[in-house]
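Protein chains in written order, with my numbering: chain A, 1 to 466; chain B, 467 to 714.
For every residue, glycine included, the Cβ atom is placed at its ideal position computed from N, Cα and C.
Worksheet: one structure, shown below.
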């Protein structure tokens, strides 16, 4: 049965749109889209009667008269017009997406000579057909995942990254995904990151709002790490309260590959991060981390699936969050240890602080183990700020409000301190403080480029500089 | 400096303090002794402002101000310091940031600008030197993974940083070996001045060999049942608390 009805019949609109807007492309790609569309047609948008969506309700987010831009905007707006890059010490190779389309295609990474490719998916579909054929839509399996299927059916653009064997990308690559439109838009960026043997990459993916308009992003990213590849990946999410962001990330790791991925969610009406990690080669390792700070009526949902398919892999999963006001959160961690995945070492934890009586968290850590020689642990905590610690801090003269902030900050710092890029860690540290002070609303600029570096944050906490 | 009159306090309806009277003048060291469960720690907590206790009656006047009307943090800024019997571990908050926040909030309370960072760091170093603390405190989280002795030394360090008018040491000697005890006691002795005072709460006389009190009080069943000079502590050590219980 169809679980979601909206006044605008979004599903029907999408089906019609699909039929009317077939891009010129290979039969294989057309076939892929058709199959994906079938999955979406059969399943429709996920609704709360589905176990995996029980606590995340899309119906309100879908109840808008969306437009579905499939072609690049023609009004000439450049992302540079809506934000500036002015963080000293944090130089990145930036790729901007406006309403789902890469805007600055054609820029070249200095390491292009080494064979590194950073370009738009639109360009990759044309120029790098061999890589696309081999890797595209191979890792984020649609199965019955309607959101991935919908993305696959419509995907036109996104970011494509290829790092050849033995190349260490020295520059940090940053993608900035912006929505800018006077009417509600529904966009579906698609990213693909292919990493060769012994290669390494640091990638920061930002999702930001530049205004308070309604937007729906259904994004899918696929990452494949060949033997001993190393990916350091960050998702920064600072969206307005009218935004919905569905973020599917699928990571495929071969032997000895090392992944660290962190999702830092600072604001957003509805955010759902679905992270799948397949540990497919011996000795591969994944750190999957997350921090979320939600208030008002914001909703955050982190779904993590880690598949230990072979022996001798390790995974380490830690999500920490603070929910205030009427905010709600979901954590669903699933670790699968397959029969042959002996000597697996897997750790999973989700810790929450609820500040108000109305804030809610549904947390479900889950282990499914078929091997016998494994070390696995999982846990979840939900609590308030520690009254003993509050009294201790206040007894030294620290006001109740600052003591509260200090404890909240300390709680999240465990995640922030694990960010290995120092400038990024400093920046996110500032953002977390601002967020806790209530000063970080949706900036009129991108998360990483808030024009406030010089502004002294009065809250006297600085873990690193003393 | 501190004047407590007929203080009665309870927790969950159970009366713990049943009419405490206590006068402390600048420059004095008072010791409060007594058997377990007689209200020693409750008295310390009520002075510091812990809100799990209900003050039923009486008053606490500190340097002319009514403490009972003040929130915890204001009492601290007014010059009250409590060295905790069980210092709280706060992962993620470094001692430096903790103290810097505390020092600057207290300065703000008194209308002063924040202390410049270099001045603050120099002060930290100075106090560490004075107290013979060699550990690298700066980047460690408050009390996290500290041994019992380290926690108590850290309390004394905080006391040195905040320079209170009245420091209350709640069973600071519990769980300390003799070396840690000496460091703690030496610290207190170095911090003694004519214009500050100490209230040392202890179950054993041992600590008072190192921190010599001017006045010793015996607390029993929520009341101060006897006060005297430092020889009273010796007497208690010899005779035990049964003697007091019998008298009370």
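Q) Taking the C-alpha atoms as reference points, what is the distance between residue 316/A and residue 481/B? A) 50 Å
Q: Check whether the Cβ atoms of residue 99/A and residue 148/A sit closer than 7 Å, and answer yes or no.
A: no
Q. Per DSSP, what kind of secondary structure is residue 405/A in: helix, strand or coil?
A. helix
Q: Could you tell me which residues DSSP puts in a beta bridge with residue 174/A?
A: 94/A and 204/A
Q. For a contact meaning CB atoms closer than 7 Å, what does residue 425/A contact in chain D?
A. The structure shown contains no chain D; its protein chains are A and B.
Q: Determine, using beta-carbon pairs with one atom in the stretch 163-173 of chain A and one in the stretch 125-132 of chain A, whether at least three such pairs fall under 8 Å.
A: no
Q: Spatial neighbours of residue 10/A within its chain, please: CB distance less than 6 Å, with the 5 preceding and 5 following residues excluded, ordered by chain position.
A: 62
Q | Through-space distance from residue 245/A to residue 608/B, alpha-carbon basis | A | 38 Å
Q: Give me the Cα-Cα distance between residue 455/A and residue 427/A, rounded to the nearest whole angstrom.
A: For residue 455/A, the pLDDT reaches just 35, beneath the cut-off of 50, and the residue's location in the model is therefore unreliable, although a value from the coordinates is still provided. C-alpha separation (whole angstroms): 12 Å.
(Q) On the DSSP letters alone, give me the boundaries of the beta strand (DSSP E) that residue 689/B sits inside. (A) 689-694
Q: Indicate whether at least one CB of chain A lies closer than 7 Å to the CB of residue 423/B.
A: Beyond the ends of chain B as shown, which are 467 and 714, falls residue 423/B; an answer cannot be given.
(Q) Using a 10 Å radius around the Cβ and a threshold of 16 neighbouring Cβ atoms, would you call residue 593/B buried or exposed? (A) buried
Q) Which partner residues of residue 119/A appear in the DSSP bridge assignment? A) 160/A
Q: Quickly, what does DSSP pair residue 492/B with across the bridge? List them, please.
A: None; residue 492/B has no bridge partner.
Q) Is it right to say residue 144/A is buried, meaning 16 or more other beta carbons lie within 10 angstroms of its own, or is it exposed? A) exposed
(Q) Check whether chain A comes within 7 Å of residue 543/B, counting only Cβ atoms and requiring the distance to be less than that. (A) yes
(Q) Against residue 319/A, what residues of chain B qualify as contacts under a CB-to-CB distance less than 7 Å, listed in chain order? (A) By Cβ distance, chain B contributes nothing, its closest Cβ being about 16 Å from residue 319/A, past 7 Å.
(Q) Our contact map puts residue 503/B next to residue 686/B with C-beta atoms below 8 Å; I'd like the distance itself, whole angstroms only. (A) 10 Å between Cβ atoms; not a contact.
Q. Can you find a CB in chain A that lies within less than 7 Å of the CB of residue 468/B?
A. no
Q) At least one CB of chain A closer than 7 Å to the CB of residue 461/B: is that the case? A) A question about residue 461/B goes unanswered here, because the residues of chain B that appear run from 467 up to 714.
Q: Measure the C-alpha to C-alpha separation of residue 561/B and residue 605/B and round it to an integer number of angstroms.
A: 7 Å
Q.
Quick check on residue 324/A: does DSSP put it in helix, strand or coil?
A. coil
Q. Would you say residue 457/A faces chain B, with C-beta separation under 7 Å as the test?
A. The pLDDT assigned to residue 457/A is 34, lower than 50, so where the model puts this residue is not dependable, and the model offers no usable value.
**Q.** Environment of residue 544/B [buried if 16+ CB atoms lie within 10 Å]
**A.** buried
Q | Minimum Cβ-Cβ distance from residue 558/B to chain A less than 7 Å | A | yes
(Q) Please state the DSSP three-state secondary structure of residue 633/B. (A) strand
Q) Between the C-alpha atoms of residue 299/A and residue 682/B, what's the straight-line distance to the nearest angstrom? A) 59 Å
Q | residue 406/A at chain B interface by Cβ criterion, 7 Å | A | yes
Q | Status (buried if at least 16 other CB within 10 Å, exposed otherwise) for residue 620/B | A | buried
(Q) Under 8 Å, with one C-beta from each stretch per pair, do the stretch 522-534 of chain B and the stretch 354-368 of chain A reach the 3-pair mark? (A) no
Q.
The beta strand (DSSP E) that contains residue 290/A, what's its start and end?
A. 285-294
Q) Under a three-way DSSP split, which group does residue 516/B fall into? A) coil
Q: Check whether the Cβ of residue 245/A lies closer than 6 Å to any heavy atom of the ligand GTP, and answer yes or no.
A: Ligands displayed in this structure: none; no statement on the ligand GTP is therefore possible.
Q | Cβ-based burial, residue 381/A [other Cβ within 10 Å; buried from 16] | A | exposed
Q) Curious, which full-length alpha helix (DSSP H) runs of at least 4 residues does the stretch 515-558 of chain B contain? A) 538-544
Q | Expected contact under 8 Å - CB spacing of residue 350/A and residue 365/A to nearest Å | A | 6 Å
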